[in-house]
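Numbering (UniProt numbering), first residue to last: 1 to 266. Read the structure below first, then the notes.
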């Protein structure tokens with residue numbers, strides 16, 4: 001959770017159409033066991049504390065993903081992503097962005113809190129997006145939690161889009177699971193908790209509410225993807241399109257080709 005130093009009211013254009021097509025600035029597919037943080041697009045991840053373990057493939061019983069890391073619980077253990085997104089949205093921080101995760105909860109984590117990211121680069125307070133311990137809903141107390149539950153026993157592609165400080169309070173933070181809208185969250189301010197510094201912590205929490213997750217992909221875009229764009233990303237079996245493998249249309253990045261198969265049916 002990022003401490004809020006300044007709140008600046010602002011009214012921005014709606015997400016669709018966006019002012020520019022969102023660009024993929026970071027993509028991490030965990031293909032290299034010798035270099036877990038290696039980037040496909042953007043800067044390599046930095047490993048803080050104990051490194052995640054690596055699997056060449058991991059199945060949920062029906063679907064296998066190739067190239068998977070399993071994160072390590074504890075406040076000292078997380079990944080640092082220098083996302084490469086410039087300040088936007090009318091502020092000095094990153095206020096328009098999207099993050100993508102392909103995740104599967106290990107059996108041992110399914111009754112624990114699991115955090116996806118932390119915006120405080122010092123990891124000095126609570127994480128900023130959770131899967132709850134008792135019912136697998138997603139969110140935070142500030143955002144509210146989803147009414148639907150995430151199926152923790154299968155691979156899911158979770159996409160969260162941020163368009164902070166817009167005139168439409170219901171059009172700011174949206175969560176999608178496998179291309180389908182899962183929740184629209186409570187309004188959050190420009191330059192606030194969900195605005196980014198040049199880096200973001202992945203799977204980090206200040207007091208250990210970051211139980212292990214199996215992770216097949218993390219990706220970041222420099223704008224809030226529209227519902228159409230998220231739908232084009234599909235589910236966890238599809239690769240996040242690299243810039244050379246995407247058609248940039250009026251609505252933004254639309255996937256028309258995929259660099260490689262992320263997984264296979266078992």
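Cβ atoms here follow ideal geometry from the backbone N, Cα and C, with glycine treated the same way.
Query                                                                                                                                                                                   : Result
Within 10 angstroms of its Cβ, does residue 95 collect 16 or more other Cβ (buried), or is it exposed?                                                                                  : buried
Between the alpha carbons of residue 45 and residue 134, how many angstroms are there, rounded?                                                                                         : 31 Å
Assign residue 49 to one of two classes, buried (16 or more other C-beta atoms within 10 Å of its C-beta) or exposed (fewer than that).                                                 : exposed
Cα separation between residue 42 and residue 93?                                                                                                                                        : 19 Å
Can you look up residue 229 in the DSSP assignment and give me helix, strand or coil?                                                                                                   : helix
Taking residue 188 as the reference, which of 84, 146, 142 has the closest Cα?                                                                                                          : 142
Is residue 81 helix, strand or coil when you go by DSSP?                                                                                                                                : strand
Have a look at residue 10 and residue 88 and give me their C-alpha separation to the nearest angstrom.                                                                                  : Per-residue confidence for residue 10 stands at a pLDDT of 29, beneath the threshold of 50, marking its modelled position as unreliable; the derived number appears in the next sentence. Whole-angstrom Cα-Cα distance: 12 Å.
Just how far apart, CA to CA, sit residue 149 and residue 138?                                                                                                                          : 7 Å
On the three-state DSSP scale, how would you describe residue 12?                                                                                                                       : The predicted position of residue 12 is uncertain, since its pLDDT is 24 and thus under 50; a value taken from the coordinates is nonetheless stated next. Of the three classes helix, strand and coil, the one that applies to residue 12 here is coil, per DSSP.
Would residue 218 and residue 202 qualify as a contact pair, given that the criterion is a beta-carbon distance under 8 Å?                                                              : yes
If you count every other CB in all the chains shown that lies within 10 Å of the CB of residue 355, and 16 or more means buried, which is it?                                           : With the chain covering 1 to 266 only, the question about residue 355 has no answer from this structure.
Could you give the distance in angstroms between the alpha-carbon of residue 200 and the alpha-carbon of residue 62?                                                                    : 32 Å
Alpha carbon to alpha carbon, how far is residue 120 from residue 56?                                                                                                                   : 31 Å
What separation, rounded to the nearest whole angstrom, lies between the Cα atoms of residue 177 and residue 34?                                                                        : 30 Å
Considering only residues of the segment 67–112, which uninterrupted beta strand (DSSP E) runs meet the minimum length of 3 residues and lie entirely inside it, listed in chain order? : 78–82, 96–104
Using a Cβ-Cβ cutoff of less than 6 Å, which residues in the same chain neighbour residue 215 once the five nearest sequence positions on both sides are dropped?                       : 69, 103
Starting from residue 218, trace the beta strand (DSSP E) both ways and give me its first and last residue.                                                                             : 214–221
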